[in-house]
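In what follows, a structure is listed as structure tokens, so that the remarks can point back to it.
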Amino acid sequence: MDEIRDDKLLKALGARFKQLREQSGMSNREFADRAGIGHAQINRIDTGQVNVSISTLSAIVKQLGISLSDLFNGL
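Here the sequence shown stands for residues 1 to 75, where the numbers follow the UniProt record's numbering.
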């Protein structure tokens with residue numbers, strides 16, 4: 001059976017999210033509070049440890065003020 005989880009993509013997405021979050025000036029906890037996502041989940045996303053749901057991605061891009069395509073740009 002083929003592997004469904006793409007760890008390389010998750011790490012790249014996490015790094016991109018972390019870069020954008022840091023550019024916004026927000027800590028993990030501050031971003032989590034504003035986006036309505038648990039701060040431990042934000043840490044797992046930052047480090048590429050979790051396969052992010054579409055609803056979580058939606059909350060992330062809304063808080064960052066960007067589109068999904070902006071988030072995935074360059075991955």
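We put the CB at the ideal spot given by N, CA and C, even for glycine.
Everything numeric in this text was worked out from a predicted model, so none of it was measured.
CB of residue i within 7 Å of CB of residue j, strictly
i   : j   : result
G14 : G48 : yes
N28 : H39 : yes
Q63 : R34 : yes
I37 : A59 : yes
F31 : R44 : no
K18 : D46 : yes
L71 : V61 : yes
| request: With a floor of 4 residues, list each alpha helix (DSSP H) that falls wholly inside the region 1-26, ordered by position along the chain. | output: The region 1-26 contains these whole alpha helix (DSSP H) runs: 7-23.
| Inside the UniProt domain "HTH cro/C1-type" (17-71) only - alpha helix (DSSP H) runs reaching at least 4 residues | Entirely contained in the UniProt domain "HTH cro/C1-type" (17-71), the alpha helix (DSSP H) runs reaching 4 residues are, in chain order, 28-35, 39-46 and 54-64.
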